[in-house]
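Step one of this worksheet: look at the structure below.
In this note's numbering, the protein residues as written are 9 to 128.
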């Protein structure tokens with residue numbers, strides 16, 4: 009019996025370089041996805057309308073530690089999901105603009121190519 013992927017322990021609220029508050033979380037068991045989703049919650053039906061092939065929606069489970077993003081496998085059920093949903097963030101800022109990830113005003117030195125996310 010296969011289990012749906014779990015998540016890494018909850019989303020954290022961070023500010024994107026475009027200025028919006030987003031939720032960041034690793035979602036999945038083995039090959040986790042580094043999810044950056046808009047913090048604006050919506051119904052499952054509204055999220056389905058915004059979903060695209062490279063833009064997923066996520067079911068939000070609220071825990072004592074805060075929001076926890078889950079795979080939205082709830083769309084496969086016949087009944088409407090009652091949990092709020094969020095959608096992958098689409099940043100509107102030009103690449104390389106805005107505050108840096110660690111907020112010290114200087115670029116982070118890394119061996120990861122520009123545009124690729126480094127987990128860590």
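Positions of the beta carbon are idealized from the N, C-alpha and C atoms, including for glycine.
What is the residue span of the beta strand (DSSP E) that residue i lies within?
{"i": "residue 45", "result": "41–46"}
{"i": "residue 31", "result": "29–35"}
{"i": "residue 85", "result": "Note, residue 85: premise wrong, no beta strand (DSSP E); not H, not E."}
{"i": "residue 77", "result": "74–79"}
{"i": "residue 70", "result": "65–71"}
Express the C-alpha separation of residue j and residue i in angstroms, rounding to a whole number.
{"i": "residue 5", "j": "residue 89", "result": "With the chain covering 9 to 128 only, the question about residue 5 has no answer from this structure."}
{"i": "residue 31", "j": "residue 84", "result": "24 Å"}
{"i": "residue 104", "j": "residue 72", "result": "35 Å"}
{"i": "residue 101", "j": "residue 26", "result": "5 Å"}
{"i": "residue 4", "j": "residue 57", "result": "As displayed, the chain neither begins before 9 nor continues past 128, which places residue 4 out of reach and without an answer."}
{"i": "residue 99", "j": "residue 17", "result": "24 Å"}
{"i": "residue 14", "j": "residue 79", "result": "With a pLDDT of 47 at residue 14, under the threshold of 50, the modelled position of that residue is not reliable, and the figure given next carries that caveat. One C-alpha to the other measures close to 8 Å."}
{"i": "residue 35", "j": "residue 21", "result": "15 Å"}
{"i": "residue 11", "j": "residue 82", "result": "No answer about residue 11 holds up, because its pLDDT of 42 lies below 50 and its placement is not dependable."}
{"i": "residue 69", "j": "residue 62", "result": "22 Å"}
{"i": "residue 40", "j": "residue 33", "result": "9 Å"}
{"i": "residue 86", "j": "residue 60", "result": "21 Å"}
{"i": "residue 38", "j": "residue 74", "result": "23 Å"}
{"i": "residue 42", "j": "residue 29", "result": "16 Å"}
From what residue to what residue does the alpha helix (DSSP H) around residue i run?
{"i": "residue 58", "result": "52–58"}
Can you tell me which of the three DSSP states residue i falls into?
{"i": "residue 93", "result": "strand"}
{"i": "residue 38", "result": "coil"}
{"i": "residue 25", "result": "coil"}
Taking the Cβ atom as the reference point for each residue, do residue i and residue j lie within a distance shorter than 8 Å?
{"i": "residue 55", "j": "residue 65", "result": "yes"}
Looking at the ligand FMN, does it come within less than 7 Å of residue i, judged from the CB to the closest heavy atom?
{"i": "residue 27", "result": "Although the ligand FMN was asked about, the structure shown includes no ligands whatsoever."}
Item to complete: Spell out a yes or no on whether the stretch 35–54 and the stretch 93–101 are touching, meaning 3 or more CB-CB pairs, one atom from each, closer than 8 Å.
Response: yes
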